[in-house]
Amino acid sequence: MSLEELVRIAKESQTKRSRFLVHRNHSEQPQIMIIYLERGSVVGRHRHPTEKTELYLVLEGRLSVEYLENGGVETQSRVLAPWGNPEGLPSISVHRDSVWHEPKALSEYVLYLEVYSGPFEKTQDVEYLV
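Here it is as structure tokens:
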């Protein structure tokens, strides 16, 4: 799938995002996706089971990852940018230990690689903070 196709799908989507699945099925380990996220897209504050790890690697744009305490209070925000960016910002964010987090596009859009410990079953692998 091309970047143009990811952009088209995101622009036609109510969620303002799209993804290309590199993994072949939800049972495969790891789960690998390329995600196109437009500014204003709401992914939602969420966490994963303690034994699972998630990694974001920014390819284009600027991504903010907000981390929260169990009560939903933001504790820190981390800005990520592509590898070798002139500001010296980190490019990778790793989420472990069931930490609450939410990615947000700071630039017009962000393109990033997501790697998640498979297998994946949404009802068991994602808990949203409501």
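Following this note's numbering, the numbering of the sequence shown begins with 1276 at its first residue and continues without gaps.
Using N, Cα and C, we set each Cβ at its ideal position, and we do this for glycine too.
Values in this document were obtained by computation on a predicted structure and should not be read as measured data.
Original post:
Can you give the Cα-Cα distance for residue 1323 and residue 1372, rounded to whole angstroms?
Top reply: 8 Å
Subject >> Endpoints, beta strand (DSSP E) assigned at residue 1385 >> reply: 1384-1391
Original post:
Would you call residue 1292 buried or exposed, if buried means 16 or more other Cβ atoms sit within 10 Å of its Cβ?
Top reply: buried
Original post:
To the nearest angstrom, how far is it from the Cα of residue 1359 to the Cα of residue 1335?
Top reply: 11 Å
Subject >> Alpha-carbon spacing of residue 1283 relative to residue 1310, whole angstroms >> reply: 13 Å
Subject >> At least three beta-carbon pairs within less than 8 Å, the segment 1325-1340 to the segment 1385-1400 >> reply: yes
**OP:** Evaluate residue 1378 with the Cβ neighbour count: other Cβ atoms within 10 Å of its Cβ, from every protein chain shown; 16 or more gives buried, anything less gives exposed.
**Re:** buried
Original post:
Taking C-beta to C-beta, are residue 1393 and residue 1289 nearer than 9 Å?
Top reply: no
Subject >> Collapsed DSSP secondary structure at residue 1356 in the structure displayed >> reply: coil
Subject >> Range covered by the alpha helix (DSSP H) that runs through residue 1282 >> reply: 1278-1287
Original post:
Going by C-alpha distance, which of 1279, 1276, 1340 is nearest residue 1352?
Top reply: 1340
Subject >> Residue nearest to residue 1326 in terms of C-alpha spacing, selected from 1370, 1381, 1356 >> reply: 1370
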